[in-house]
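To start, the structure under review is shown below, and the notes come after it.
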Amino acid sequence: MIKRRDFMQSCLAGGTAFFSTNIDSSSFVMRLVDSGSADFELTEATIAQLQDGMKQGRFTARSIAEMYLGRIAGIDKQGPKINSIIELNPDALSIADKLDEERKAKGPRGPMHGIPVLLKDNIDTADRMMTTAGSLALEGSYALQDAFIARRLREAGAVILGKTNLSEWANFRSTHSTSGWSGRGGLTRNPYSLDRNPCGSSSGSGASIASNLCAVAIGTETDGSVVCPASTTGIVGIKPTVGLVSRAGIIPIAHSQDTAGPMARTVSDAAILLSALTGIDPRDAATQKSRGRIQTDYTRFLDPNGLKGMRIGIARKYFGYSDKVDKLIDDAIDVLKRSGAIIIDPVGLEAPKAYEATELEVLLYEFKADLNKYLAGLAPNIRVRSMKDVIEFNEKNRQREMPFFGQELMIQSQAKGPLSSPAYRKALQNNLLKSRTEGIDAVVIKHRLDAIVAPTGGPAWTTDLINGDHFTGSSSTPAAVAGYPAITVPAGFINGLPIGISFFGAAWTEPKLIKAAYAYEQATKHRRPPEFPDRIE
């Protein structure tokens, strides 16, 4: 665990250099020291608390941003070196200043006014930060326009503080990859045990929020990339229905399953952030399906008694990987019962063996098509214009890009034909049939369910750069392949390592899931901040 004296020494040695482009006041060094210490003023601060502090004059958008920047210097770049932030926004403080002036003149725009947010480094921002998916192949790539969700955040008054590290190419480069590692960003570590993996691919988003380096963050998911890192770092993650949040301006894997989603320390903060992200976007046709289904304020569903009368199905096929995890989730089910939920245990949601192979097939086809389209639209100075170019770059820069694992998935994807191929269409049809019609939809209709519950996954594993990840169970695939919503919430700890419980269900049921997740969170309050041990004995 980091000691205050050691932290002060490291900050005084390196902190001012780290912020030389942003800060020139000597008083900031002492704020930076306080920000990394055990008595950090914003530890576990919620959006509501930050807004209340700004309303009362205790904080400003600038002072909040400064405190988080100091915390990043002391926890992410020094001390335990979580390494969750790949790049800071050099304009963050000037943006905060303008928002403070606006608040004085007109009042706040809404609940995100002046709130710092971190974006995963596959989300375009038309500013002085790059968007690279962690790949050196895209180093120097500055987006020509904001991603839709980046624009929505700016319109809401958020301060984009920086970008988070991720599993390179959102964990779709190699079958033996290590989550949280990228050629550009290096390895992100789990703050609950520094030798453990934060999961991915939204590794930096999870680790940074768990470590109180920012108020909230955005992750992205194709299958598990929001909910898994949220679970292993002890925070809340929401994977929305595909189409609720635009993917325009996000480096893609597969349009059938890709979505961005909130990552936060509380369900309330995640709901506030989700409210800021939604909207119909002409650049993403999938958002047309959300017309009439979008909620402008998801905090309306934050009901501490929300579980009363809800019908919750238990997906037992996703238990059995760990007795300790099963015990935690069974304890959680008891909480659901005591909170008034009607439990149907078990429900017949099968494990995804019927579509594991076709899920991969669809992702391989769509990755090539979608990535080629994204790369073709980059600024003219970027030489990498296709997946073929990325593969060639990686081969030419093998020592920097492939010191631990290769690019088998990219090579397999490059070999696929167009999306008009019968093999692709057949695989996609199977995915939708098995995950939706015969999967989640069938179970929800049969048992009249409001939500399905399962363990999100096992505890964080020891990071192994040579052999790659070794997961111990996951329930993310049904909702991911179906394109349906899921929320993970802290459910407790195993030997100091966080475990999450997932609530998922039919399309567009975010209000129900938020209601259930919030009521469970309020009844248990399992979330606690990390202490950054080198290892768990």
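Residue numbers (the working numbering): 349 to 885.
Every residue, glycine too, gets a C-beta built ideally from N, C-alpha and C.
As the structure is a computational prediction, the values presented were derived from the model and not from experiment.
Quick check: the Cα distance between residue i and residue j, rounded to an integer number of angstroms?
i	j	result
D543	G427	14 Å
F376	R883	The pLDDT assigned to F376 is 44, lower than 50, so where the model puts this residue is not dependable; a value taken from the coordinates is nonetheless given after this. Straight-line Cα distance between these residues: approximately 32 Å.
V695	T512	38 Å
T785	P588	19 Å
S527	T872	29 Å
N843	A563	27 Å
T570	R641	22 Å
T811	P546	9 Å
N437	A790	46 Å
L441	P881	32 Å
Y868	A485	43 Å
E450	T614	28 Å
D718	S761	11 Å
A292	G725	This structure cannot settle anything about residue 292, because the visible part of the chain is limited to 349 through 885.
P630	R595	11 Å
R379	G418	Note that R379 has pLDDT 49, beneath the 50 cutoff, so the model's placement of it is unreliable and the number below is only indicative. When rounded, the distance between both Cα atoms is 7 Å.
E885	S541	10 Å
G853	A608	18 Å
Q399	G455	11 Å
S559	A624	23 Å
P652	M735	48 Å
N370	G533	In this predicted model, N370 has a pLDDT of only 42, less than 50, meaning its place in the structure is not dependable; the value taken from the coordinates is given anyway. Each residue's alpha carbon lies about 21 Å from the other.
E503	H795	41 Å
D382	S556	Legend: pLDDT at D382 = 48, less than 50; position of this residue unreliable, value from coordinates given subsequently. Rounded to the nearest angstrom, the two C-alpha atoms are 18 Å apart.
Q605	P539	29 Å
D448	L621	20 Å
A727	N742	20 Å
I412	T857	34 Å
I677	V575	16 Å
R648	A618	13 Å
P766	G668	39 Å
If you measure between the beta carbons of residue i and residue j, is that distance less than 8 Å?
i	j	result
I599	V801	no
I430	R499	no
G591	T644	no
A763	E709	no
S823	S783	no
I395	L561	no
A602	L711	yes
P826	E392	no
H524	N745	no
F819	G806	yes
P846	T580	yes
G567	M611	yes
T473	L467	yes
With respect to the beta strand (DSSP E) encompassing residue i, which residues constitute its N-terminal and C-terminal limits?
i	result
K587	584-587
G510	507-512
V801	799-803
F841	834-842
V314	For residue 314 there is no data in the structure shown, the boundaries of the chain being 349 and 885.
R419	Per DSSP, R419 belongs to no beta strand (DSSP E); it is in the alpha helix (DSSP H), 409-419.
M750	That residue, M750, is in no beta strand (DSSP E); it is neither H nor E in DSSP.
I434	433-436
G401	Premise fails: G401 lies in the alpha helix (DSSP H), 395-404, not in any beta strand (DSSP E).
A705	Run containing A705: none in the beta strand (DSSP E); it sits in the alpha helix (DSSP H), 704-724.
I662	659-662
T607	607-612
I557	Looking at the DSSP string, I557 is not in any beta strand (DSSP E); the run it does join, the alpha helix (DSSP H), is 551-558.
Given 7 Å as the limit, tell me if residue i has its C-beta closer than that to any heavy atom belonging to the ligand ADP.
i	result
V564	As for the ligand ADP, it is missing from this structure, which has no ligand bound.
Determine the burial state of residue i: buried for a count of at least 16 other Cβ atoms within 10 Å of its Cβ, exposed for fewer.
i	result
H874	buried
H461	buried
E487	exposed
K721	exposed
D813	The sequence given here places Leu at residue 813; Asp does not occur at that position. Counting Cβ neighbours within 10 Å, L813 comes out exposed, since fewer than 16 surround it.
A860	For the record, residue 860 in the displayed sequence is Lys; it is not Ala. With 16 or more Cβ atoms within 10 Å of its Cβ, K860 is classed as buried.
Q755	buried
P803	buried
A518	buried
S573	buried
S879	For the sequence presented, residue 879 should be read as Glu rather than Ser. Exposed is the call here.
R406	exposed
What is the residue span of the alpha helix (DSSP H) that residue i lies within?
i	result
S623	615-625
F496	496-503
M735	735-744
E759	Just to set this straight, residue 759 is Ile in the shown sequence, not Glu. That run of the alpha helix (DSSP H) goes 756-762.
V673	671-686
A864	858-872
Determine, using beta carbons only, whether residue i comes closer than 8 Å to chain D.
i	result
V593	The structure shown has no chain D; it contains just one protein chain.
Problem - 3-residue-minimum beta strand (DSSP E) runs that sit fully inside the stretch 767-824, ordered along the chain - result: With a minimum length of 3 residues, the continuous beta strand (DSSP E) runs that stay inside the stretch 767-824 are 799-803.
Practice task
Tell me the start and end of each unbroken beta strand (DSSP E) in the stretch 445-496 that is at least 3 residues and wholly inside, in chain order.
Solution key: 464-468
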